[in-house]
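Student: Position one of the sequence shown corresponds to residue 101 (my numbering), numbered consecutively onward.
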Amino acid sequence: MPVIILQGIFGTIPSAAQSFTTMYLQWALEELGSDARLWHLKTLARSQCQRSVIQDGVKFYSGVGSPVRWTVLAGVLRSKLAGLGWRHGWRRLGGLALQHHLCRRSKTSQQDCVANAETCPVGVVADHVLMLLSHPESYAMDLRLIDAHETVHRWEILGASLGYYIWNLPGFRLLDVLYSGWPLFALLRALRPRLARLVNFRGAPHATPEALDLAARLKKAKEARDTGQRRLSRLDADYISAVSLCQILESHGMDKWTGCPLTSAHEALETALATASDLKEMERHVERAEEHLRKFLWWLQAPGEAWKAPGARIATLMFIAADCMLPLLARLQKRLEHLVELKRPTPAGAMCPALELPEQGVLMAEAAYAADFHQAMEEMVPEFGSRPVDLETSANQSSKEAWVTFLWGGTSAGAKRAAELNSEVIRTMVHSVRKWETHRRAFLVLAVGSLPARVAAELRRADLKVRTIRENETIPIWRAEFVKKPEGLGDWFTDRNLTRTFAQLAAWALKDFERVVVLDADTLVVQRCEELFRLPMHFAASLETHRDQETFSRLQSLGRTYLVNAGVMVIRPNLHLLRRIRRGADFPAFRYHAEKIGVMGEATFQSLIDTYLTTENYWRLGVVLWDQAGRFDGCRAGLGSSQVVSAWMAHGRVHCLLPIDYNFCADFPHVFFASYDYLAQAKADAPKQPARHLRAELIRKTLRLYWSSGLLRGLPKILHFPGHLRKPWQRWLPAARSPWDEAWWSAHAEMCRSSPTPCRLRC
């Protein structure tokens, strides 16, 4: 047999690691919060990267922060699994799971485990199974879920991982996994015959003293359902993993007043399979099945309890030993794959950049959270107060102002395809600007590198001014000198045959205009925002709400602040300032600061500007204020400050922050991390109310904080969809779109109906 499945059935954590494990568990219980659907973004990468992966003497992964040689590892697994001859998707899965660790569609063969966990959490679960099958000793246990002082069965570890992602009370829905395209259920169905029981009991399973005792305690727990004091002992877990809970309930007459959750779930899944051609009807029955399966877990684990070893054993039973469920789930998933299969557009020249099916299931889970955030904003923001009225401007003044965006070109085939896609994205964004502006301003598209002739012509037909950035209008991106960049991550510029430059600096070279507002191509204007042109300072942008960064200055301040976000910038063109940035980049201290707060040791435009503003002693103020007529009224003295720096002082070497409604990042990581400060309190409240109510309260507290600090002044005026994997045009399943994604698609449809140039984006 090529793979010895049961090699190393039992394993322990070495004593030297027990103290670390205990500390890790304590940290996890304090920090995880209450919404398991979101946890993978903060904790999965840490725990799953605690192992070293070795195959046939080759080390594929060396621990936290190391890149993973996924291509080589996938090849080894494929060769091992190909010889097994199993059905139910094994051969396909042998390469699918690990190859999809390259979810970002990067050209590199190595990728950091953190990136894998953030983009393909369901795929990571599938990889657990593959690693266990191909090389059992390479599979380490999840330190969050397993008690460090107990001997743990390897199947139990697998059950913990699956249960944690899918069946923890507020975790991923069953529909999310079915739609994800990852054949987990087919995989587990093939795994089931090779599973040894955790514990073997002799005699009639329903007549043993253990069964009688368990039945009595289950009945007592039912009668005290709302107390939350029920706990499952290790013996109970062993016993129920060896027999069927439904058999115990039925043999003691308890199914008459409780029903058997597994039987009810089975019936619901059979109905869902029969109605799978009607997606809405099918989804309703799957949700009913999931409700019954959660009731099954309710018997065994009290709400709010950490998912530790006993719960892991039950998850093992449900996913591997529950033979009646897995075939149904596998068949249903296969049926869904055909029903929701991505139909690529057939007309010549059409494009569909949507992510493949294995990513759509994760996007569905994220869209549900973003939709809740959107609903809370719609309900709460009108209660906060009135909005400033947009200031009327003259046509003469508007002629000295311009909107600006950037379009990256390049000579490679991939760069040309990207330019065609992004030019249509830009036309959608421009359409939203034209819809809301009072006086028409020039709209400039600054091209980075060469654009396909057809793309440039179509942009000009849309009344956009296209010009290529000159070499003296920007500065080159230097190679990282002080912060080591991980190897094997590829190079975005090299892939497109572009010169590495900070292209956005060219906005300061637009000397024909007094004021420009720079918009990323992936933004969308949804309200009037012309008051941005009334700001007098040299530079204004919103803060980066994703994570905080260190402040660097000549005084080496120990305080902390946030990087600016370059998605929306208000700039006064100034060649002198551009020259000062160029000179600053010649100094090692300047480059060191920009690298340290950059991305993976490389300076970015945002880190460059933040470093310049702090090292040049610009007065960094708080949020911009407007009066009721939309006139600039000054800036707050700092984040959270109630003091106001008046308008006549907010000139010259001053930098103010835009409220986040002028650059509202509508992607999941941003709206989640906006609420992260309240997760500890949400965890404390977990036993008191349903998870959905907790999430709503979490969002409401965040919005109140944003309003009181001035960071939020109303409903978003400009939406921003940052990142590489969460664009609206990548979400082709309606369930994977938030209301903000739908707003983008509506604007795109409006643009295409009125555009003199064809639209190619069709999904």
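The C-beta atom is built at its ideal place from N, Cα and C for all residues, glycine as well.
Bear in mind that the values here come from a model prediction, so they are computed numbers and not experimental data.
1) Does DSSP put Met669 in a helix, in a strand, or in coil?
2) Report yes or no: do the stretch 806-821 and the stretch 426-435 share at least 3 C-beta pairs separated by less than 8 angstroms?
3) Buried or exposed for Val664, going by 16 or more other Cβ atoms inside 10 Å?
4) Given Thr528, which residues of its chain have a CB within under 8 angstroms of its CB, disregarding the five upstream and five downstream residues?
5) Can you name the start and end residues of the alpha helix (DSSP H) that Cys852 belongs to?
6) On the criterion of 16 or more Cβ atoms from any shown chain inside 10 Å, does Thr511 qualify as buried, or is it exposed?
7) Can you tell which of Val481, Leu635 and His531 has the C-alpha that lies nearest to the C-alpha of Arg731?
8) Can you tell me which of Arg570, Pro673 and Leu598 puts its alpha carbon nearest to the alpha carbon of Val616?
9) Return the residue from the list Leu369, Ile697 and Phe705 that minimises the CA-CA distance to Leu428.
10) Determine the DSSP secondary structure at Arg146, reduced to helix, strand or coil.
11) Please report the Cβ distance between Thr715 and Phe690, rounded to the nearest whole angstrom; I am assuming they are in contact, meaning their Cβ atoms lie under 8 angstroms.
12) Going by CA-CA distance only, name the one from Glu631, Arg679, Glu702 and Val699 that's closest to Ala729.
13) Give me, in chain order, the residues of the same chain whose beta-carbon lies closer than 6 angstroms to that of Arg826; leave out the 5 immediate sequence neighbours on both sides.
14) Does Gly76 come out as helix, strand or coil in the three-state DSSP assignment?
15) Between which two residues does the alpha helix (DSSP H) holding Arg567 run?
16) Quick one: Cα of Ala737 to Cα of Trp840, how far?
17) Assign Asp378 to one of two classes, buried (16 or more other C-beta atoms within 10 Å of its C-beta) or exposed (fewer than that).
18) Of the choices Arg384, Val583 and Met669, whose alpha-carbon is the least far from that of Ala621?
19) Tell me the residue span of the beta strand (DSSP E) that contains Val504.
20) Which residues in the same chain have their Cβ closer than 8 angstroms to the Cβ of Gln743, if we skip the five residues on either side of it in sequence?
21) Does the Cβ of Ser746 have 16 or more other Cβ atoms within 10 Å, making it buried, or fewer, making it exposed?
22) Taking Phe639 as part of the alpha helix (DSSP H), name the residues at either end of that continuous run.
23) Quick one: Cα of His385 to Cα of Gln830, how far?
24) What's the gap between the Cα of Thr594 and the Cα of Arg600?
25) Roughly how many angstroms lie between the CA atoms of Glu614 and Leu725, to the nearest whole one?
26) Could you have a look at Thr714 and say whether DSSP puts it in helix, strand or coil?
27) Starting from Ile681, follow the alpha helix (DSSP H) in both directions and report where the run begins and ends.
28) DSSP beta-bridge partners for Phe543?
29) In three-state DSSP terms, what is Arg554?
30) Report yes if the CB atom of Ser838 is closer than 8 angstroms to the CB atom of Ala476, and no otherwise.
31) Checking 8 angstroms against the spacing of the C-beta atoms, do Ala666 and Gln604 come in under that value?
32) Quick one: grab the DSSP three-state call for His646.
33) Just the C-alpha distance for Lys500 and Lys380, rounded to the nearest angstrom, thanks.
34) Going by C-alpha to C-alpha distance, which of Glu644, Ser498 and Ser532 sits closest to Gly823?
35) Throw me the rounded Cβ distance for the Asp864 and Arg813 pair, which I believe falls under 8 angstroms.
Tutor: Taking the structure as given:
1) As a working mapping, residue 669 is identified with position 569 in the sequence shown. DSSP places Met669 within a strand segment (E or B) once states are collapsed to three.
2) With a cut-off of 8 angstroms, the stretch 426-435 and the stretch 806-821 do not count as touching, because too few Cβ pairs lie within range.
3) Looking up residue 664 in the sequence shown gives position 564. The residue in question, Val664, is buried, as its Cβ has 16 or more Cβ neighbours within 10 Å.
4) Your numbering for residue 528 matches position 428 in the sequence shown. Within the same chain, and ignoring the five residues on either side of Thr528 in sequence, the residues whose Cβ sits closer than 8 angstroms to its Cβ are Leu624, Trp844, Ala847, His848 and Met851.
5) Counting from 1 along the sequence shown, the entry for residue 852 is found at position 752. Taken as a continuous stretch (DSSP letters only), the alpha helix (DSSP H) holding Cys852 covers Pro839 to Ser854.
6) Residue numbering aside, residue 511 sits at position 411 when the sequence shown is read from its first letter. When all chains shown are included, Thr511 counts as exposed.
7) Along the sequence shown, one-based indexing puts residue 731 at 631. Looking at the Cα atoms, Leu635 is the closest of the given residues.
8) Indexing the sequence shown from 1 puts residue 616 at position 516. For the options Arg570, Pro673 and Leu598, the alpha carbon positioned closest to that of Val616 is the one of Pro673.
9) Here residue 428 refers to the residue found at position 328 when the sequence shown is read from its first residue. When only C-alpha atoms are compared, the closest one is Leu369.
10) Position 46 of the sequence shown, counting from 1, holds the residue named residue 146. Confidence at Arg146 is low in this model, with a pLDDT of 28, below 50, so its placement is unreliable and the value that follows should be read with caution. DSSP places Arg146 in helix when its eight states are reduced to three.
11) Counted from its first residue, the sequence shown places residue 715 at position 615. Counted from its first residue, the sequence shown places residue 690 at position 590. That pair is a contact at about 6 angstroms.
12) As a working note, residue 729 is residue 629 in the sequence shown. With respect to the C-alpha of Ala729, the residue from Glu631, Arg679, Glu702 and Val699 having the closest C-alpha is Glu631.
13) The residue you call residue 826 lines up with position 726 of the sequence shown. So the qualifying residues of the chain are Asp767.
14) The chain is shown from 101 up to 863; residue 76 falls before or after that span and cannot be answered.
15) Walking along the sequence shown from the start, residue 567 turns up at place 467. Counting along the chain, Arg567 sits inside no alpha helix (DSSP H); it lies in the beta strand (DSSP E) bounded by residues Lys565 to Thr568.
16) Residue 737 sits at position 637 when you count from the first residue of the sequence shown. Residue 840 sits at position 740 when you count from the first residue of the sequence shown. Spanning the two alpha carbons is a distance of roughly 32 angstroms.
17) Taking the first residue of the sequence shown as 1, we reach residue 378 at position 278. By the 16-neighbour rule on beta-carbons within 10 angstroms, Asp378 is exposed.
18) Within the sequence shown, numbered from 1, the residue matching residue 621 stands at position 521. It is Met669.
19) As a position in the sequence shown, residue 504 is number 404, starting the count at 1. For Val504, the enclosing beta strand (DSSP E) has its first and last residue at Glu501 to Trp508.
20) Here residue 743 refers to the residue found at position 643 when the sequence shown is read from its first residue. Around Gln743: Arg736 and Ala737.
21) Numbered from its first residue, the sequence shown carries residue 746 at position 646. Ser746 counts as exposed, since fewer than 16 other beta carbons sit within 10 angstroms of its beta carbon.
22) Position 539 of the sequence shown, counting from 1, holds the residue named residue 639. Segment Phe639 to Leu643 is the beta strand (DSSP E) holding Phe639; no alpha helix (DSSP H) there.
23) As a first step, residue 385 is located in the sequence shown; it is residue number 285 there, counting from the start. As a first step, residue 830 is located in the sequence shown; it is residue number 730 there, counting from the start. Answer to the nearest angstrom: the Cα atoms are 28 angstroms apart.
24) Stepping through the sequence shown from its first residue, residue 594 is reached at position 494. Stepping through the sequence shown from its first residue, residue 600 is reached at position 500. Roughly 8 angstroms between the two C-alpha positions.
25) Position 514 of the sequence shown, counting from 1, holds the residue named residue 614. Position 625 of the sequence shown, counting from 1, holds the residue named residue 725. Our two residues, Glu614 and Leu725, have alpha carbons roughly 21 angstroms apart in a direct line.
26) For this step, residue 714 is matched to residue 614 along the sequence shown. Looking at Thr714 - three-state DSSP - the assignment turns out to be helix.
27) For the purposes of this step, residue 681 is identified with residue 581 of the sequence shown, where counting begins at 1. Note, Ile681: alpha helix (DSSP H), Leu675 to Gly684.
28) Numbered from its first residue, the sequence shown carries residue 543 at position 443. Beta-bridge pairing links Phe543 to Trp503.
29) Working through the sequence shown from its first residue, we reach residue 554 at position 454. Looking at Arg554 - three-state DSSP - the assignment turns out to be helix.
30) Here residue 838 is taken as the residue at index 738 of the sequence shown, counted from 1. Here residue 476 is taken as the residue at index 376 of the sequence shown, counted from 1. With contacts defined as CB atoms closer than 8 angstroms, Ser838 and Ala476 fail to qualify as a contacting pair.
31) Start at 1 with the first residue of the sequence shown, and residue 666 comes out as number 566. Start at 1 with the first residue of the sequence shown, and residue 604 comes out as number 504. In this structure, the beta-carbon distance from Ala666 to Gln604 falls below 8 angstroms.
32) To locate residue 646, count along the sequence shown from 1; it is residue 546. Any reading at His646 needs caution, since the residue's pLDDT is 48, under 50, leaving its predicted position unreliable; the model's value is listed next. Coil.
33) Your numbering for residue 500 matches position 400 in the sequence shown. Your numbering for residue 380 matches position 280 in the sequence shown. Rounded to whole angstroms, the gap between the alpha carbons of Lys500 and Lys380 is 53 angstroms.
34) Start at 1 with the first residue of the sequence shown, and residue 823 comes out as number 723. The shortest C-alpha separation from Gly823 is found at Glu644.
35) Nothing about residue 864 can be read from this structure; the chain reaches only from 101 to 863.
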